[in-house]
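Engineer: In our numbering, the protein residues as written are 14 to 227. Every residue, glycine too, gets a C-beta built ideally from N, C-alpha and C. On a predicted model such as this, the values are computed, not experimentally measured, just so you know.
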DNA sequence: CACCCGATTATCT
DNA sequence: GATAATCGGGTGT
């Protein structure tokens, strides 16, 4: 089941936490062939508004961050460190002006061959384990800023699904911690990570996640 | 494995 | 002119 817009209308940190175990889906036209890329979301962070000095929205609306102030269920994609893109989904409760969830890591499921090409690596355990890396693996760039993933009429090539081999087992827990890569707002525990309870249920996965969890 | 550092450029002040 | 919600390569343990 594809997540609808209403899913993203809640406190940002709650959406961030609940996205763990969901599946990022991306269809891409690769030399005329329609290819599917998917991955289980294993790490997220929430970024708020005036309550959160680490958030791009903290000081108000600018050209870069305007998506964070817009409709929930749209993407906020920004360029960072001269090289990388970071994928966020706008999420906030109705009475909040801005907020988004940063997708920090996924576990690759489908389209791994194509991800390797986009990442220019054969190392499967290094494909999508970081915000810059997963944007590269899924070929997500600033072109996708403001893309609406909350309504299939507006786009049918990037969205999030509620079903996956992992979420079906429900054999994972979500742990929280402080966010990383920031210098302010370091007290907030708005980083969420998937940890599996029973590794034997996850042998169909082959990448970094298993070695990290064991 | 842990830490350190340089790359590289859009965006903001 | 400075900074950045990162990454990968290098060095040392």
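Can you tell me which of the three DSSP states residue 118 falls into?
Structural biologist: Of the three classes helix, strand and coil, the one that applies to residue 118 here is strand, per DSSP.
Engineer: Could you spell out where the alpha helix (DSSP H) holding residue 25 opens and where it closes?
Structural biologist: Looking at the DSSP string, the run of the alpha helix (DSSP H) that includes residue 25 is 25-31.
Engineer: Reducing DSSP to helix, strand and coil, say where residue 93 ends up.
Structural biologist: Of the three classes helix, strand and coil, the one that applies to residue 93 here is strand, per DSSP.
Engineer: Based on DSSP bridge pairs, tell me the residues matched to residue 47.
Structural biologist: Per DSSP, 42.
Engineer: Excluding sequence positions up to five away, which residues of its chain have a Cβ less than 6 angstroms from the Cβ of residue 170?
Structural biologist: Same-chain partners within the cutoff: 40.
Engineer: Which same chain residues, not among the five before or five after residue 150, have their C-beta less than 6 angstroms away from its C-beta?
Structural biologist: Within the same chain, residue 150 has close Cβ partners 128, 131, 132, 140, 141.
Engineer: Quick check on residue 126: does DSSP put it in helix, strand or coil?
Structural biologist: It is helical.
Engineer: Measuring only the C-alpha atoms, how far is residue 26 from residue 42?
Structural biologist: Computed Cα separation, rounded: 33 angstroms.
Engineer: Can you tell me whether residue 102 is helix, strand or coil according to DSSP?
Structural biologist: DSSP places residue 102 in strand when its eight states are reduced to three.
Engineer: In terms of residues, what are the limits of the alpha helix (DSSP H) holding residue 147?
Structural biologist: Per DSSP, residue 147 belongs to the alpha helix (DSSP H) from 144-150.
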